[in-house]
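Report on the structure given below.
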Amino acid sequence: MKTIAIIQARMGSQRLTGKVLRPLCGQSMIAHVLQRAAASKRVDEVWLATSTNVENDELAAEVERLGFHCYRGSEDDVLARFHDTAKAAGADVIVRITGDCPLYDPTVCDAMLERFHAAMQETPPADFMSSVFERRFPRGLDTEIFTVPALERDFIEAHLPNEREHVTPHFYHHPEKFRALSWVNDRDLSSYRWTVDTPQDWEFVQIVYEALWRPGHLITTDEVLALLEQRPELAALNADVEQKYSAEQKLK
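Take any residue in the sequence shown, count from 1 to its spot, add 8: that is its number in the working numbering.
Structure below.
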């Protein structure tokens, strides 16, 4: 059974254009995201899914330079882009990650995949798992897992604009169709924002990386939390940023 991580990213971010290629401690931000996803022991391959728009040529070239797979598809129909990436990869299980999460935690991914693979053997088998049914992780550690058969059904039956743009809302909207599992963190860290969507987010991530990153080392969640205990003012840098589209909106 082949499990892949698909990272969705593009250059046309409205609030921080080109953020995925911004330099962060000598590498592009997307390089850090790809490497962190690849650190998952239960992921067989990491793919980046972007669009065919010419503005993403540089991003695709960077991904290929780093030795990762890149699939290019629709700009607006991200669900179709995921569906076609999964087909190209010959995947059975998909982990969905967004390209603006340079502090993504592969240990969370591994723990979720262990439970999900076990639940696939149950009756009825699991179709979908999410860490945001009840948010207790920092924003930026969000993880969604689904089977390719569930993705296929999602692709065929999802018609609302937000279901095509954001890949998984159809799973949330139709619990009668899919067996969904929730993954909840032991500690409530939902007040933290570790994703990059605005200049304030970028300032936060830069400071964290400059304090904690070193070659060959993946910054851990515990290290970030320890830094924030020492320097609580850092969390305030982007505390007031409003999420453009939150995972919680998928539940509505």
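Note that the Cβ used here is the ideal one computed from N, Cα and C, for glycine as well.
Closest residue to residue i among the options (Cα-Cα distance)
i, options, result
"residue 249", "193, 205, 85 and 195", "205"
"residue 251", "146, 168 and 184", "146"
"residue 213", "114, 170 and 109", "109"
"residue 116", "244, 235 and 229", "229"
"residue 107", "149, 141 and 124", "149"
"residue 246", "13, 85, 237 and 203", "203"
"residue 154", "122, 102, 218 and 77", "102"
"residue 119", "15, 224 and 47", "47"
"residue 26", "234, 243 and 210", "210"
"residue 78", "32, 191, 98 and 54", "54"
Counted within 10 angstroms of its Cβ, other Cβ atoms place residue i as buried (16 or more) or exposed
i, result
"residue 70", "buried"
"residue 261", "Residue 261 cannot be examined here, being either before or after the span of the chain that is shown, 9 to 260."
"residue 45", "buried"
"residue 183", "exposed"
"residue 37", "buried"
"residue 256", "Any reading at residue 256 needs caution, since the residue's pLDDT is 49, under 50, leaving its predicted position unreliable; the model's value is listed next. With fewer than 16 Cβ atoms within 10 Å of its Cβ, residue 256 is classed as exposed."
"residue 49", "exposed"
"residue 137", "buried"
"residue 152", "buried"
"residue 59", "buried"
"residue 12", "buried"
"residue 171", "buried"
"residue 57", "buried"
Simplified DSSP state of residue i, which is helix, strand or coil
i, result
"residue 173", "helix"
"residue 77", "strand"
"residue 14", "strand"
"residue 136", "strand"
"residue 266", "Nothing can be reported for residue 266: it is not among the residues displayed for the chain, which extend from 9 to 260."
"residue 191", "coil"
"residue 109", "coil"
"residue 164", "helix"
"residue 83", "coil"
"residue 25", "coil"
"residue 71", "helix"
"residue 60", "coil"
"residue 89", "helix"
"residue 149", "coil"
Continuous alpha helix (DSSP H) stretch holding residue i: start and end
i, result
"residue 41", "37 to 46"
"residue 215", "207 to 220"
"residue 236", "229 to 238"
Residue i, enclosing beta strand (DSSP E) - first and last residue
i, result
"residue 153", "152 to 155"
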